[in-house]
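Chemist: Under the working numbering, residues 1107 to 1776 are what the sequence shown spells out, in order.
From the three backbone atoms N, C-alpha and C, an ideal C-beta is built for every residue, glycine too.
This structure is a prediction, so every number in the text was calculated from the model and none was measured.
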Amino acid sequence: MSTRAAAEERVRWLREEIRRHEHLYYALNRPEISDQAYDDLERELRDIEARFPDLVTPDSPTQRVGETPSEEFPTFVHRVRMLSLDNTYSEDELREFEARVFRAIGEQEIAYTAELKVDGLSMALHYEDRRLVRAVTRGDGVRGDDVTANARAIRSVPLVLRDEADVPPTLEVRGEVYLPRSRFGEINREREEAGEEPFANPRNSAAGTIKSLDPRVVAGRGLDILLYSIADARAAGVRSQWEALERMRAWGLRTNPASRRCQGLEEVLVFCREWQGKRDELEYEIDGVVVKVDDFALQEELGATSKFPRWAIAFKYPAEQATTIVRSIDVQVGRTGKLTPVAILEPVSLAGSTVSRATLHNEEEIARKDVRVLDTVLIEKGGEVIPKVVGVVAEARPKGTRPWTPPETCPVCDEPVVRPEGEVDRRCPNVSCPAQIEERLKHFARRTAMDIEGLGDSLVAQLVERELVRDYADLYALDLDDVVALERMAEKSARNLLEQLERSRSRELRHLLFGLGIRHVGERAAQLLARHFRSLDALAAASVEEMEAVHEIGPIVAQSVHDWFRDPANRRLVERLKEAGLRTEEEGTAPVSPVLQGQQFVLTGTLDSMTREEAKAAIEARGGRVTSSVSKKTSAVIVGRDPGSKADKARGLGVRLIDEEGLSALLAGD
Ligand code: AMP
Ligand code: ZN
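1) DSSP beta-bridge partners for Gln1369?
2) Assuming Glu1521 and Asn1536 make a contact with CB atoms under 8 Å, what is their CB distance in whole Å?
3) Is Arg1261 closer than 8 Å to Trp1357 when the C-beta atoms are compared?
4) Would you mind stating whether Glu1559 and Gln1633 have Cβ atoms separated by less than 8 Å?
5) Buried or exposed: where does Glu1691 fall if 16 or more other Cβ atoms within 10 Å of its Cβ makes it buried?
6) In terms of residues, what are the limits of the beta strand (DSSP E) holding Ile1419?
7) Using only the alpha-carbon positions, how far apart do Glu1150 and Arg1689 sit?
8) Which two residues bound the contiguous alpha helix (DSSP H) that contains Ile1316?
9) Which runs of the beta strand (DSSP E) spanning at least 3 residues fall entirely within the region 1445 to 1493, listed in chain order?
10) Beta carbon of Val1518: closer than 7 Å to some heavy atom of the ligand ZN?
11) Suppose the cutoff is 8 Å on Cβ atoms and the five residues either side in sequence are ignored; what does the same chain contact list for His1127 look like?
12) Can you give the beta carbon distance from Val1344 to Ala1220, rounded, assuming they're within the 8 Å contact cut?
13) Quick check on Thr1254: does DSSP put it in helix, strand or coil?
14) Checking the sheet assignment: what are the DSSP bridge partners for Gly1497?
15) List the whole-angstrom C-beta distance separating Arg1616 from Ala1636, where the pair is believed to meet the contact cut-off of C-beta under 8 Å.
16) Would Arg1360 and Tyr1132 be called neighbours here (beta carbons separated by less than 8 Å)?
17) Just checking: is the beta-carbon of Ile1659 within a distance shorter than 8 Å of some beta-carbon in chain D?
18) Around the Cβ of Ile1216, are there at least 16 other Cβ atoms within 10 angstroms (buried) or fewer (exposed)?
19) Helix, strand or coil: how does DSSP classify Glu1767 here?
20) Taking the straight line between their C-alpha atoms, what separation do you get for Leu1161 and Val1448?
21) By Cβ distance below 8 Å, which residues in the same chain neighbour Gln1169 in space, the five residues on each side in sequence not counted?
22) Given a cut-off of 8 Å on the beta-carbon distance, is the pair Lys1486 and Lys1475 in contact?
23) I'd like the list of long-range same chain contacts for Ser1602, defined as Cβ closer than 8 Å, with 5 residues on each side in sequence excluded.
24) Within the present structure, is the beta-carbon of Leu1191 separated from the nearest heavy atom of the ligand AMP by less than 7 Å?
25) Quick one: complete alpha helix (DSSP H) runs, 4+ long, within the region 1556 to 1622?
26) Whose C-alpha, out of Glu1282, Ile1435, Pro1363, Pro1159, is nearest the C-alpha of Gly1226?
27) Give the secondary structure of Thr1644 by DSSP, where H, G and I count as helix, E and B as strand, and everything else as coil.
28) What's the call for Gln1369, buried or exposed, on a 16-neighbour Cβ count within 10 Å?
29) Near Ala1696, what residues of its chain come up, given a Cβ to Cβ distance below 8 Å and the 5 sequence neighbours on each side ignored?
30) Give a yes or no on whether the C-beta atoms belonging to Ala1644 and Ala1774 are separated by under 8 Å.
31) Report yes if the C-beta of Leu1530 is less than 7 Å from at least one heavy atom of the ligand ZN; otherwise report no.
32) Would you mind stating whether Glu1278 and Ala1230 have Cβ atoms separated by less than 8 Å?
33) Using beta-carbon positions only, say whether Ser1318 and Asn1256 come within less than 8 Å of one another.
34) Measure from the alpha carbon of Arg1249 to the alpha carbon of each residue in Thr1315, Arg1757, Pro1180, Glu1296, then state which is nearest.
35) Taking the alpha-carbon of Leu1371 as reference, which of Ala1771, Leu1191, Asp1198, Ser1666 has the nearest alpha-carbon?
Structural data, given as structure tokens:
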């Protein structure tokens, strides 16, 4: 990409292509290319834009995440009020709704749209000339917060609508922002490990995320959106709700494929019953169905009260709750040593599955709810796999129970527990605690990490108990005899396990990095770091600032990764993993850095913040080269403490000298 004209041409093509794939993936759920191929397109675009910064436009797919966190959100007054919905809880009440409609417009054949009521937060998106110009939360319905920077970080929010003739020049659409269940579980795990309060449900986590002041946090969370209405639909020439959904879809907006046009109320009832049974299969939480009179002319006739439209109603599903008895309270030790109390329950059926455990989060939570052994408790299924205890049924408490007391020592290794100031959790401080080792190994084996399916829970327990495995690297030293000697281990499954371990050696760097279980490093962060630094060595050598300079990586992740690599035990672990033949480098060509591409460096003297090897890896990761002797081709000599003769030679040749600070700046992209 030598000339600017060629770059411009390529940029235009890449943006179109990326937008097309975004649409296929997010709006239509019908991807045509692999994630990897998509990432490659995006990376190429980023690279060209880095070299030709004047080609960057705000609607470029690379510009989803703004660099600067906002101070606060400006208020925006909605042009059309965002109303709430009236609720019903039974089929009879739904029939009453129809009776009211009939009274207002006369009895007639009515078509409805039935839409799932996604439990998130509602948001308005404003487009002008097909470009996203503003995103506003519902707020109190009259005015909301302008959260444009955060909404841009949601992948399924198109920055530019498709080039369809009937897209109104100014358009406001509305929809529900939500956090997929899978992400909810993951985020809560990360929060708990970080000593932060877990979110109570996906709705809170979506709301909390959209109010985050840092768009990078939003991007990392994986929010999604489903659009369900056009604010000024009549002006847009649309005549019914069903048509509105169709038009939005055609314009590139993501709508819910489950929506259905129903002839008459009976079909609506079928829809409601159907989804009540299937709601657990959805990737998001729903709390009911929204029923809307389809025809806009009828909607207008019906009008609205001060709070609700009269042409729509929410049919709410009952919350999925059950009562049961607490048999005992167990304490689990997590991978970072965090102790989590868990209620062991009399098995009870809830939302289609049998539940025998519920999380109690932490001791403060238990104290607040005063949950005791033998209590009857109300449990509820939220987005999490494991349900939670909502509260105690006070009248049902038997005599002689006592409040629960948290353990003073680790239930597994007996080490006295610690509770760092300001944190709600107790921790087992013993890094060699068998429970922690087990949890780390299980995490390492996860499908999204190293994908070692044969390493099941009971196997991990035995390997740790017999002290065959203390850390990840030990796994790769196992041989057939070791494994066959374990209980209930047939030779065939032992061979299987060894094969899987063998295969895992060539897992991509991002999976390994995620598998290492560094606090705060979820799948996405691991992917971004691996893609940017391209080797464990380069990452180990990176400063906090360099990591933060990576798109979407925030200060907490950066600090945590930095600290992890500063621990000598972890450095040794990395060395042993390398010796075991694991892939610690990304394949393919290094990303091109506008600063270091094609430049040659020579290192001399001792650096304080990194070894020479690390400096070399960091430079190479950015497209630069490191050679051993100074020549006229040398771009610069990096001079550490007690430099050798190379520094003098550089001065003689007029080659630039850079100190350690300068190197850091260079690596950070300055
Ligand atoms: P409520 O908060 O119970 O008054 O219900 C109104 C809210 O339901 C709206 O503000 C939206 O956030 C949400 N909602 C979810 N799905 C839909 C949908 N398909 N149509 C309209 N509103 C919806
Ligand atoms: Zn312990």
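Modeler: Here's the rundown:
1) Stepping through the sequence shown from its first residue, residue 1369 is reached at position 263. DSSP lists Ala1217 as partners of Gln1369.
2) Against the sequence shown, residue 1521 aligns to sequence position 415. Against the sequence shown, residue 1536 aligns to sequence position 430. Sure, about 4 Å apart at Cβ, within 8 Å.
3) Taking the first residue of the sequence shown as 1, we reach residue 1357 at position 251. Taking the first residue of the sequence shown as 1, we reach residue 1261 at position 155. No. Outside cutoff.
4) Within the sequence shown, residue 1559 is the residue found at index 453, counting from 1. Within the sequence shown, residue 1633 is the residue found at index 527, counting from 1. It is not a contact, given that the beta carbons lie outside the stated cut-off.
5) What you label residue 1691 is simply residue 585 of the sequence shown in a count that begins at 1. Glu1691 comes out buried.
6) To locate residue 1419, count along the sequence shown from 1; it is residue 313. 1418 to 1422 is the extent of the beta strand (DSSP E) around Ile1419.
7) Here residue 1150 corresponds to residue number 44 of the sequence shown, with the count starting at 1. Here residue 1689 corresponds to residue number 583 of the sequence shown, with the count starting at 1. Those two C-alpha atoms are separated by around 24 Å.
8) Here residue 1316 is taken as the residue at index 210 of the sequence shown, counted from 1. Taken as a continuous stretch (DSSP letters only), the alpha helix (DSSP H) holding Ile1316 covers 1308 to 1316.
9) As far as the region 1445 to 1493 is concerned, its whole beta strand (DSSP E) runs of at least 3 residues are 1445 to 1456, 1459 to 1465, 1482 to 1486.
10) As a working mapping, residue 1518 is identified with position 412 in the sequence shown. Yes, the ligand ZN has a heavy atom inside 7 Å of this Cβ.
11) In the sequence shown, residue 1127 corresponds to position 21, counting from 1. Excluding positions up to five away in sequence, the list reads Pro1137, Glu1138, Ile1139, Tyr1144, Leu1147.
12) On the sequence shown, position 238 is the one that residue 1344 refers to. On the sequence shown, position 114 is the one that residue 1220 refers to. Beta-carbon to beta-carbon, Val1344 and Ala1220 are separated by about 19 Å, too far to satisfy the 8 Å threshold.
13) In the sequence shown, the residue the question calls residue 1254 occupies position 148. Here Thr1254 sits in helix by DSSP.
14) What you label residue 1497 is simply residue 391 of the sequence shown in a count that begins at 1. DSSP lists Leu1484 as partners of Gly1497.
15) Locating residue 1616 in the sequence shown gives position 510, counting from the first residue. Locating residue 1636 in the sequence shown gives position 530, counting from the first residue. Confirmed, Cβ separation roughly 4 Å.
16) By one-based count along the sequence shown, residue 1360 stands at place 254. By one-based count along the sequence shown, residue 1132 stands at place 26. In contact: Arg1360 and Tyr1132 (Cβ atoms closer than 8 Å).
17) Within the model displayed, chain D is absent; a lone protein chain is all it includes.
18) Along the sequence shown, read from residue 1 onward, the residue named residue 1216 stands at position 110. By the 10 Å Cβ count, Ile1216 comes out buried.
19) Counting from 1 along the sequence shown, the entry for residue 1767 is found at position 661. Glu1767 falls in the helix class under three-state DSSP.
20) The sequence position of residue 1161 within the sequence shown is 55, counting from 1. The sequence position of residue 1448 within the sequence shown is 342, counting from 1. Cα to Cα, Leu1161 sits roughly 55 Å from Val1448.
21) Along the sequence shown, read from residue 1 onward, the residue named residue 1169 stands at position 63. Same-chain partners within the cutoff: Val1162, Thr1163, Arg1258, Leu1265.
22) Working through the sequence shown from its first residue, we reach residue 1486 at position 380. Working through the sequence shown from its first residue, we reach residue 1475 at position 369. First, the residue type needs correcting, since residue 1486 is Glu and not Lys in the sequence shown. Contact: no.
23) By 1-based counting over the sequence shown, the position of residue 1602 is 496. In the sequence as presented, Ser is not what sits at residue 1602; that position holds Asn. Cβ within range, chain order: Gly1560.
24) Working through the sequence shown from its first residue, we reach residue 1191 at position 85. It does: the Cβ of Leu1191 is within 7 Å (strictly closer) of some heavy atom of the ligand AMP.
25) 1563 to 1571, 1578 to 1581, 1586 to 1590, 1597 to 1610, 1615 to 1621
26) As a first step, residue 1226 is located in the sequence shown; it is residue number 120 there, counting from the start. Answer by Cα proximity: Glu1282.
27) By one-based count along the sequence shown, residue 1644 stands at place 538. According to the sequence as given, residue 1644 is Ala; it is not Thr. Ala1644: helix per DSSP, three-state reduction.
28) For the purposes of this step, residue 1369 is taken as the residue at position 263 of the sequence shown. Counting Cβ neighbours within 10 Å, Gln1369 comes out exposed, since fewer than 16 surround it.
29) Position 590 of the sequence shown holds residue 1696. Only weak support exists for where Ala1696 lies, its pLDDT of 49 falling under 50; the value from the coordinates is given anyway. Cβ within range, chain order: Arg1640, Glu1726, Ala1727, Arg1728, Gly1729.
30) Indexing the sequence shown from 1 puts residue 1644 at position 538. Indexing the sequence shown from 1 puts residue 1774 at position 668. No, they are not a contact pair.
31) Numbered from its first residue, the sequence shown carries residue 1530 at position 424. Going by the sequence as given, residue 1530 is Val instead of Leu. The ligand ZN has no heavy atom closer than 7 Å to the beta-carbon of Val1530.
32) Position 172 of the sequence shown, counted from the start, is the residue given in the question as residue 1278. Position 124 of the sequence shown, counted from the start, is the residue given in the question as residue 1230. Yes, Cβ-Cβ distance for Glu1278 and Ala1230 is below 8 Å.
33) Counting from 1 along the sequence shown, the entry for residue 1318 is found at position 212. Counting from 1 along the sequence shown, the entry for residue 1256 is found at position 150. Taking 8 Å as the Cβ cut-off, Ser1318 and Asn1256 qualify as a contacting pair.
34) Locating residue 1249 in the sequence shown gives position 143, where the first residue counts as 1. Comparing Cα positions, the closest option is Pro1180.
35) Counting from one through the sequence shown, the residue named residue 1371 turns up at place 265. Cα-wise, what sits closest to Leu1371 is Asp1198.
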